[in-house]
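The sequence shown lines up with residues 29 to 137 when you count with this note's numbering.
Beta carbons are placed, not taken as given, at the ideal position from N, Cα and C, and that holds for glycine.
Model, not experiment: these values are computed from the prediction.
Below you'll find the structure, written out as structure tokens, and then a few comments.
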Amino acid sequence: MDIKTARDVVMTQADLTVSDSFLTRLRQHQPPVPGQMTSLLLALKTLTADLKAAKQLELTLVYALHQLAYESRQFYEQGKRARVEWPPLLDADIERIAIAIAQIFKGDA
Numbered sequence: 029m030d031i032k033t034a035r036d037v038v039m040t041q042a043d044l045t046v047s048d049s050f051l052t053r054l055r056q057h058q059p060p061v062p063g064q065m066t067s068l069l070l071a072l073k074t075l076t077a078d079l080k081a082a083k084q085l086e087l088t089l090v091y092a093l094h095q096l097a098y099e100s101r102q103f104y105e106q107g108k109r110a111r112v113e114w115p116p117l118l119d120a121d122i123e124r125i126a127i128a129i130a131q132i133f134k135g136d137a
């Protein structure tokens with residue numbers, strides 16, 4: 029995956045105005061569509077490699093990354109409290125998202 033595609037994937041999946049984005053689906057207590065998590069994790073891996081030496085990050089990208097790390101966990105927990113039956117690996121995948129984003133913010137990973 030190239031950097032432009034990776035950025036587009038992250039921006040789209042964090043956008044709550046997109047009807048089938050990752051965050052929108054979690055907010056609606058729906059699991060990700062097949063392949064959505066794989067694409068998102070691959071995009072984050074690509075961004076981590078590309079941005080590891082960056083001294084500055086674009087504000088809109090930072091916001092999207094924050095939303096993915098924070099809101100995905102919040103929506104997941106809200107769903108659990110509402111007794112949503114999430115896919116068994118979703119909790120671990122959300123943790124992987126947070127770890128990947130932390131590595132981007134840390135830099136020089």
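Buried or exposed, going by whether 16 or more other CB atoms sit within 10 Å of the CB of residue i?
i    : result
L54  : buried
Q58  : exposed
I129 : buried
A97  : buried
V38  : buried
Q84  : exposed
A120 : exposed
Which of helix, strand or coil does DSSP assign to residue i?
i    : result
G107 : helix
Q65  : Gln is not the amino acid found at residue 65; the sequence shown has Met there. Reduced to three states, the DSSP call for M65 is helix.
K83  : coil
S47  : coil
V90  : helix
V38  : helix
Q102 : helix
L96  : helix
Give a yes or no on whether the minimum CB-CB distance between residue i and chain C is below 9 Å.
i   : result
L85 : No chain C is part of this structure, which consists of one protein chain only.
Between residue i and the rest of its own chain, which residues show a CB-CB distance below 8 Å, the 5 nearest in sequence each way excluded?
i    : result
S151 : With the chain covering 29 to 137 only, the question about residue 151 has no answer from this structure.
I122 : S100, R101, Y104
Short of 7 Å in beta carbon distance, which residues of its chain neighbour residue i, apart from the five on each side in sequence? Order them along the chain.
i   : result
L93 : V38, I129, I132
S67 : V37
K73 : A128
Discussion item. For the pair the segment 76-89 and the segment 107-123, tell me if three or more CB-CB distances fall below 8 Å.
Written reply: Because the criterion of three Cβ pairs below 8 Å is not met, the segment 76-89 and the segment 107-123 do not touch.
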